[in-house]
Structures are given as structure tokens and as C-alpha cells.
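The UniProt record's numbering applies: residue 1 is where the sequence shown begins, and numbers increase by one.
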Amino acid sequence: MSEEMEVATSNAETSPQRTLNLETDFGPIEVPPAPQTVATYSINGPRANMTQYYSDEEYTVVPNTKLLFPEAAFRDNSFLLYDRHKEETTYKEVTNLSRGSGIDLDHNRFLILQGEVEQIAMMKPKGQSENDDGMLEFLEDIIGSNRFKEPIEVLAKRVETLNEMRGEKLNRVKAVEKEKDNLEGPKNEAVQFLNMENDIVRQKNKLYHKYIFECASNEKKATDEYNKINEGMKDVNEQIAKIEAAKKEKDKELGKIYSEYEGQVKHLEESKEKFTEYEKQDVKCREDLKHNRQKTKKLDKQLEQEKKKGLQVEKDKREEELLEQQKFVNDIKSKLNIAQSELDIYLSNQQSETNKLKEMEKNLDKAKNTLEQRAQEISDIQKRLPESENMVEKAKKDLELATRTEEKSTNDLRALRSKVEEARSSMQAAKSKGKVIDALMQMKKNGQLPGVNGRLGDLGAIDEEFDVAISTACGALDHIVVDTINTAQKCVEYLKKNNIGSATFIGLDKMARWKDHTKRKINTPENVHRLFDLVKTKTPEILPAFYFALRDTLVANDLDQATRIAYGKTRFRVVTLQGALIDQSGTMSGGGKSVMKGRMGSALAADIDPKQLANMENMLEKLTSEAQTSRANKERLEDVIRREEKDHTHMKHSLQKCTMDIEANKEQQTRLTKQIKEQEVRVKAAAPDEKELKQLEKKVGEYKKEYEKVGGAAAKVEAEVQRLHKEIMEIGGSKMKAAQHRVDAISKQIDEVTGQVTKCQVAIKTSQRNLKKAEDKVKSVEEEIQENKDKIAELDKLFKTLEEEATQVLESYQQSQEKMKEAETALNEVKAVVAKLEEDENKLQKDFVDVRHELEKFENIMKTNQQKIKHWKKEIGHLQLSPISGQEVGEIAAIPDEELAELDKEAIQYEITVLEEKLAQMKPNMAAIAEYRKKVTKKIEGNGRIPEGNDITLGGDAELELVDSLDPFSEGIVFSVRPPKKSWKNISNLSGGEKTLSSLALVFALHHYRPTPLYVMDEIDAALDFKNVSIVANYIKERTRNAQFIIISLRNNMFELADRLVGIYKTDNCTKSVTINPTKLSLPLQEQSINTQQPVNTQQPVVTCT
1 MSEEMEVATS NAETSPQRTL NLETDFGPIE VPPAPQTVAT YSINGPRANM TQYYSDEEYT
61 VVPNTKLLFP EAAFRDNSFL LYDRHKEETT YKEVTNLSRG SGIDLDHNRF LILQGEVEQI
121 AMMKPKGQSE NDDGMLEFLE DIIGSNRFKE PIEVLAKRVE TLNEMRGEKL NRVKAVEKEK
181 DNLEGPKNEA VQFLNMENDI VRQKNKLYHK YIFECASNEK KATDEYNKIN EGMKDVNEQI
241 AKIEAAKKEK DKELGKIYSE YEGQVKHLEE SKEKFTEYEK QDVKCREDLK HNRQKTKKLD
301 KQLEQEKKKG LQVEKDKREE ELLEQQKFVN DIKSKLNIAQ SELDIYLSNQ QSETNKLKEM
361 EKNLDKAKNT LEQRAQEISD IQKRLPESEN MVEKAKKDLE LATRTEEKST NDLRALRSKV
421 EEARSSMQAA KSKGKVIDAL MQMKKNGQLP GVNGRLGDLG AIDEEFDVAI STACGALDHI
481 VVDTINTAQK CVEYLKKNNI GSATFIGLDK MARWKDHTKR KINTPENVHR LFDLVKTKTP
541 EILPAFYFAL RDTLVANDLD QATRIAYGKT RFRVVTLQGA LIDQSGTMSG GGKSVMKGRM
601 GSALAADIDP KQLANMENML EKLTSEAQTS RANKERLEDV IRREEKDHTH MKHSLQKCTM
661 DIEANKEQQT RLTKQIKEQE VRVKAAAPDE KELKQLEKKV GEYKKEYEKV GGAAAKVEAE
721 VQRLHKEIME IGGSKMKAAQ HRVDAISKQI DEVTGQVTKC QVAIKTSQRN LKKAEDKVKS
781 VEEEIQENKD KIAELDKLFK TLEEEATQVL ESYQQSQEKM KEAETALNEV KAVVAKLEED
841 ENKLQKDFVD VRHELEKFEN IMKTNQQKIK HWKKEIGHLQ LSPISGQEVG EIAAIPDEEL
901 AELDKEAIQY EITVLEEKLA QMKPNMAAIA EYRKKVTKKI EGNGRIPEGN DITLGGDAEL
961 ELVDSLDPFS EGIVFSVRPP KKSWKNISNL SGGEKTLSSL ALVFALHHYR PTPLYVMDEI
1021 DAALDFKNVS IVANYIKERT RNAQFIIISL RNNMFELADR LVGIYKTDNC TKSVTINPTK
1081 LSLPLQEQSI NTQQPVNTQQ PVVTCT
């Protein structure tokens, strides 16, 4: 710090005030120097750079760079150092000499062991504890960055102390303003940075508004289509409702016709039996009637002869009596009328008042009767009301049960109908998968391609909820699954030969690598589903193919959730239920107006066969019948409840009305009782004089009695005259009428025979004597005739009755037959209408399902666009312009639709990308990371890629990657390798040979970065094959130009390239060594081989190569 700052502690009350000098108390920290990156050697003097000059395989030694090592070691930790003469030295001197020559004795980097090579391959990114070393600590030791560790710890403690002090202080320390000239450059750069950020915000605002505009347009189109289809759906619903109402009406009509038909059949049988009985009675009556009519004819003739004798005489006598009586009756009647008129006039006033009284009494009686009647009605209603309520309650319970039954039947019917439709669709889809799959499946049936399993999408199933998601996220659903690659090759040849088409195949033999992944469970953000876990298959052998196609793709409910998951700490490939797909790279696709669906069914297609479909259709028909029965029962109970509730309401109204009538009648009784008493007084006041009234009444009574007496006698005489005249006319019949004409003709001769009257009178007296006998005879004949007539009348009456009844029975029988025929005809017609209605209903149900699917499609489009609009509005809400001092930044304004329609989305995205790239170049990095990356990039080409890996592996790459790119010291470093023609892997997942090569590549690269003059390698080639041993040996041979290598090896490919060989052997239980110079031995051996023409075995014993 350039200036001194003093800070006083805040705890002044409990401790003495202390001034803290940041310059003295927190002085600069000494950081150890970085190790040298160039190999230097010092022999008994100052440092000297070593330079080598090469000419083929020869070499030269730089003066004063010769390094001597001890030849012998003793128990007292002393060494014998060999130079021109032997000289004894100590361990400390030897180590100091080695360190001064650039040999790292602290980390033993000059020593490369097989165990160390394997240890490098198994290193973790960072040590788990302070005493444990990981890849981070290993590299820090070599690079030298661990020298910052202690200073960083000291500084961290200082920072912690300063933070505590800062938290305890109430006053903030003001920073000293730096000179303006020094800040002008950074300030302009910051302003440019902020302007560029604001330009990006403005472009994003345009882009997001463009997205919202497109989504709103798509939503409007989808809404219009939705409303249009919804209107059509209303028509379908109305048609279905009409059909159901018609079916309901026809069902009622059908039941009524059935009842009438059964009643007519019963009535027909009864009429037939009755008609048979009437036929028997008719025969008997006809015989009796015939006999009685014959007898009546005989008696009529006899009676006619007897009656003719004295009826005329009797008639004349009665006519004379009638004339006298009529005259007397008329006189009496005239007197009676006069007397009655006088009485009526006298009694008219009293009669009027009396009539009023009687009318009042009549009304009073009527009110009493009405009161009793209403009371009885109230009693009856009160008895019937609880019964009605109980009946309604029971009907409601039955209706509730019937409703549940009807709902269950309807739901079962709907579910089964959906399954049947899906089964039909599955079978239809199985029949028409396309000519390619059809041709291959036909070859499989023929046994020519038994290894074909079918289309991947047909080998699995998923719930309908995830249909759009898997159809969008899994592009391999149309691939054809086969058992092996050979089968796939045969299929390709067959398709090509027959020019059927092309297809993509998945070989299950190549999917074995994914088998373990199918059993592994993963933890997903927000506990969302992994799409692979939702797929159902018949056999587990297909699961690796599905994992190959889906991997760890997750399913989100909406775009917001998908965005949170996809762009979280761990990247995932996420698809929404609406078909929007976010890849691991961050690119978004799918969604929009039309989405993919139907590429995988919700049930396995092969599970449905024609027999199962037929059974399901039979079950559907049965459930349809049950649903109709349940619906009819429900409607019947609803009618019962409606009728009972109506009766219940009517009874309540009647009860209320009767109560009001009772009150009104009671008031009327009271009023009439009072009026009757008043009227009785008026009647008494209008009463006539009793004495005079009695005289008038007595007079009228006498005249009435006399009139009745005389009138009765006259009436009898008149009736007798009429009777006699009638009898005379009836007895004569047609002959009498003719005789009457003759009597009229000879009336004129009466005067002529008047003289004979006397003689006739004598004859009359004689006739009177004989009249008595004739009358007796007539009386007996009449009685017999009357008796016979009565019998005939009874028989006629019985016959007519039988005939009428038989006719009625016959007509009823015929009517019943006609009604039966009409009922049968109506029954067939109604059945035909019901069948037609059910057919129309099924057709409309199918149309309804299709329309509903279309509605769901547009509804999903609307929801997707609404979610996108919500998402982009949320993104717009996050946009904020950075304020810039001295400039008017303005605000993020809305963009009109006309301008949005003309915006080029791709151009805006390109401009944003360019600005973000420029902005990224302006962002500062952390100092420590910048230093670390600068050193690593400078020494390891390819941003951490190890070039030596290419040298010793004939291709391939390796990288040192930061686990946490923001903080390399928190999670450490991981060593990633890509062997030749293979994918990137962690070094711990490689084979043994690959691990050895990769570790050696790292070791050689680090030695290239920090070389040492001497290397000792112990069987580093043990895990390598002959090819890789040769590569490593030649690489070491090349590196001997810069350093000296001592290698312990058992592989001839290694030690055959050595400049010196030291063999270790054992004789007499004692280990011995022999040193060989291969260059000096090669010429004699070659000459001997030429002379003997025999191969020479040059294999050496176990050696140490130099």
C-alpha cells in the first residue's frame, strides 16, 4: 500500500485503544522464487549451461558439466566418490551436489517406477486430505505453484481479520481518489463495455418481442381453429343429445308397445273363450223363442175372438160418464185457481223473507259441510305427506345409486370404447406400417430373415401422456431392430435388390455396451421422469436399443421447468410434454403449431389379436346395453321423483288452501249465524194475520180436495175410454180397420134402424148376461197370453243381450287381432329406428373423439405458446440497461406489431452473437487463473493437450481439464485421454497398456517442461506390448540427447537400443554384474554371422540400460 491507514478498534470500553498500522502489521510477504525451467549443472563452481551438439548417433560432452556419482556406500552413511582418484565423501555432500546439479531429490522426479506410472493413472483430481496427493498437487509440485500456498494462507488470514474489523466498524473508510488521467482509459473501456451490454439488451428486447409476437400470432391462429372446431363440436353434442333424447323416447314407446301387445294377446284369448260360451247360449235361446212364439199365435187368436164381444159396449158407456165428469172438474178447477190467487197475494211478503232465511240457512249448512270436508282433506293430506316424503327420499337414494351405476357404466363404456378404438388403430397400423417394414416382416414370417424384430417404436409402449414427448425426442423410433449386424446387412441387400426403399437398422449385438446403463438409476432435478424409464417393452433385450435412442433424456411438464433443468448446474437433454426440446448444447427445437405424435402407442401392438378384439367388441356391446338399462332406470327414477315432488308440492298447496278455506268458512259461519238471527226477526215481522190466513188456506184446501177427487174420477173414466178404444183397435187389426170404413159408410143408415133399437136393447140385456162369462174367459186367456209374452220378452231380451255381448266380444277379438298386428309393425319400426339411432350415435361418438383430439392438439398449441409468451416476457423483465454516467441510456421500450412483423430474427441473433463475442473478449479474468493458464498454454501446446501423447501412441490426444473452471483449486484437475480411434475417457477407465502410455506421456511432458539431467526407470514397459515397447524405447533413445537414462527392463525391444548394457547374474549364490558396450560387440558378431550363415542369439540377461 502506498499510503498508511490507521483504524481504531471499536471496543474502547473494555480494552485500551490500539492503532493498527496496515503497512507494518500487514507487510509484504516473501514468495519463494519459481524453479528454473532450463536444466543447469554446477560442478565445484558457478552454474554453467549445458549445450549438446549432435551428429547422427555421436555426441560431445560440454566442458565442466561432467557429473560424478558415488561408487560405493558404507554403513556410516558415507560414500566413495570416483573421479581420477578415489575420494571419500558424506551423504549430505552427495545430496547437495545432486540438488545443485538439477536432480530433484525432494520429489524423486528423476526416478520413474512402474508403480509410479500406475499411481499417476489412479490419481484423483485432488487429494482428499492434506497428506494425500492428487493430480492437482502432483502438477503443482512440478510446476512450482505450490510456493504460493503459505503466502495465500497468510493472506487469507489477513483478509479474514480485515473483514472482521470492517464488520465491527461503524464508519466506512473512504477510498482515495486516483488521478483522473490514470482512470480515463479504464473508464472509456468500461463505458464501451456498458454500451455494448446495452446494445445486446436492446437486441435481445427486439428478439424476445419478436418471439412473443410470433407466439401470439400462433396462439391466435390456434384459438381461431379451436373455436371453429369447438363450434362444430357443439353441433356434434347437440346431435348426440337429440339422438339420446330420441332413443329415450323410443325406449319408452317400445315399452308401451310391448305392454299393449301383451295385453292384446291376453284379451284375445279371453274373447275367444267368451264367444264360444255365447254361441252355446244362443242356440238354446233360439229354440225356446221358437216354441213360445208358436204358442203366442194360438193364444192371440183365441183372445181376439173373446174380446170382440163386449168391448164396444163398454166403451160407449164410459164415454158418457166422461162427459159428465169433465164438466164438473172444470167448475171445481176454476174455483180453486181463484182461491189460490188470493192466498198467494196475501202470503207474498212473508214468503220473500222466508226464502231469504232458507237461503241463509242453506249457505250455513253448506259452509259447515265445506268446513268438515276441508278438515277431512287436511287430515288426509297430513297422513299422505310423510308417505310422500319417504317415497321421495327412497327414490332419491335409489336415484343416487342408479346415478353411480350409470356413471360407472358410462366410464367403463368410454374406457372400453377407447381401448377398442386403440386396438383397432393398432391392428390397422400393424397392417400398414409402410412397404419397407411390411416387406421385412413378410420375409421374417417366411423364415428368410428370422433376426428381424420390427420397428423400434412398435417394440415398446408408453402412456398417452408422453406420446408427444417421445415422438419428438426419439428420432430412432422408425429404425428397424435386428439381432446382429449381419442380419442388417442382409436386409439392406434385400431392400436394394428389390428396389423397395431404404431403412436404418439397430443391431442388438452392438447394443450390449448399454445394458448396464439400462439398470442404472439416476437422480433427476425436481424429480422429473427420465423418458427411458417410462418405456414398456415385452422383453428386456430391447431395452439397450431404447437407451441408445433416448439416453438420459428427461421429461418436463412445461417450458419453464425444462429451461430450469436444462440450464442448471448439470446439463441435461430435456423435452416437454408439448414437444419442445432443449439439447445438452443449449439449442431449443420442437414445439410450434404442429407436434409429432403417434410414433409409439400406449399399448404393445402385438398384444392385440382379432379374437381379443372380437371379445372386446362383444364386451363393448354388453356394456352399451347395461349403460342403456342404467340410463333408463335413472330416467325412470327421475320421473318418479319429479312426479312425487310435484304431488308433494300440490299437497302442500292444497293443505295451505284448505287451511285458508277453513278460516274463510269459519268467518262465513259466524257471519251467516248473525244474519240468520236478524232474518228470523224480519220473517216474524212480516208474518200475516193468522185467522184470515187460516180461512184462506182452509178454502184453498177444500177446493183442492174436491178438485183432486173429481179430477181423479174423470181421469179414470178417460183412461178407461182410451183403453177400450185401443183394445178395440188392436183386437181388430187390419180387419177392424176395414170394418170401420164400412161402419162409416153405413152411418147414414142408422136412422133407418132406429126403430129396431128396442129390439136391440133386449138383445143388449141378453148380451150383458153373457158378458160376464166372456170377461172371465178373456181374463184367463189374457193372463196366459201375458205370461207367454213375458217369456217371449225375456227370451228376446236374453237373445238380444247375448247377441250384443257376442258381437262386442267378436268385435273386441277382431280389434285385438288388428292391434296385435299394429303393435308388431310398430315394434319392428321402433326397433329399426333405435338401431339406426345407435348406429348414428356410434358414428357421432367416433367423430366426437376425432374432434376432441383436434381440440386437444390446438389446446396444446395454445398452452405452449402461452408458456413461451410467459417465458419471453419473464426474460424481458430480466433485461435491464446499465446506467452510464454522462449519457442518456433511456428505457427498454415496447415495439409495435408492425415493426415486429418486419424484423429479421436470424439477423438479430447474429448481431447478438457478434456483440457477445466482442463482449467476452473484453471481460477480465482472475489473476491467478490467468497466470496458471498462461504458463500451461505456453509450455503445453493445444491448451493443456499433451503433444508427447501423439509421439508415443501414434495418434490420440490427452487433456488436463479443470473440474471447476472457475476455481481450479476447489475440485482439482482430471486427466482425460482419447486413445487412437476411440472416444474421450478418464484415465482411470483405460486399459492397462493405455494407462501406462498415458501416464508416461504426462511424465515425459512434465520432464520436458522441467527437465533433469538424470533419469532412472524401473520396468516401466512391463504392461506394454512389443509395439508400444518399441515406441517408448525409440522415444527415450531420442531424449538421450538432453539427458542420461538408466533403465531397468526385461524387454529386448527396450535394451537392444541402449548405449551401454549392465547385466546382473548370479553364480555361487552371489550376485555379480557385467558391463557391455553393444557398439563394440556388434561388428564381430556381424562378421561371425556372415561367416557361419547362422543367426546369432543376441539376447542378453536381465540388464540395466544406460
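C-beta: ideal position from N, C-alpha, C; glycine also.
In this text the structure is predicted, and so the values were computed from the model without any measurement.
Simplified DSSP state of residue i, which is helix, strand or coil
i, result
"Y567", "coil"
"G447", "coil"
"C474", "coil"
"E465", "helix"
"A894", "coil"
"F858", "helix"
"L798", "helix"
"F548", "helix"
"G993", "helix"
"K394", "helix"
"R202", "helix"
"S589", "strand"
"T537", "strand"
"R723", "helix"
"T90", "strand"
"M360", "helix"
"S780", "helix"
"E1056", "coil"
"E130", "coil"
"S145", "helix"
"A1022", "coil"
"P968", "helix"
Per DSSP, cross-strand counterpart(s) of residue i
i, result
"I480", "R455 and F505"
"V575", "V555 and L581"
"E961", "V974"
"N986", "S976"
"K1072", "Y1065"
"R530", "L554"
"G460", "T537"
Nearest candidate by alpha-carbon position, reference residue i, set the options
i, options, result
"H529", "E353, K694, K362 and I462", "I462"
"G507", "R599, I485, I257 and E270", "I485"
"V963", "K92, I1020 and K124", "K124"
"T537", "L672, M600, K510 and L577", "M600"
"F1045", "N1053, D1068, D1018 and N1069", "D1018"
"residue 1127", "L1057, Q880, V830 and R1051", "Look at the range of the chain in this structure, 1 to 1106, and you will see that residue 1127 is not part of it."
"Q867", "I908, L577, N369 and V700", "L577"
"Q612", "K419, K779 and E782", "K419"
"P544", "D647, N498 and K515", "K515"
"V1032", "S970, T95 and L997", "L997"
"R573", "K157, T553, D967 and T403", "T553"
"residue 1116", "L1006, D957, L966 and H1007", "Residue 1116 lies beyond the residue range present for the chain, which begins at 1 and ends at 1106; the question has no answer from this structure."
"D558", "K982, T403, K870 and E794", "K870"
"Q239", "F148, L844, E971 and M1054", "L844"
8 Å contact criterion, which residue i and residue j should meet: CB distance rounded
i, j, result
"A469", "G579", "7 Å"
"E526", "Q561", "7 Å"
"S409", "L623", "6 Å"
Near the ligand PLP: residue i beta-carbon under 6 Å from a heavy atom
i, result
"K149", "Absence of the ligand PLP is noted for the structure shown, with no ligands found whatsoever."
State whether the segment 990–1003 contacts the segment 959–979, with contact taken as three or more CB pairs (one from each stretch) at a distance under 8 Å.
-> yes
Inspect the CB distances between the segment 192–209 and the segment 902–917 and report whether three or more fall short of 8 Å.
-> yes
Do the segment 846–858 and the segment 229–243 make contact, defined as three or more Cβ pairs closer than 8 Å?
-> yes
Would you call the segment 614–634 and the segment 371–382 in contact, with 3 or more CB pairs under 8 Å?
-> no
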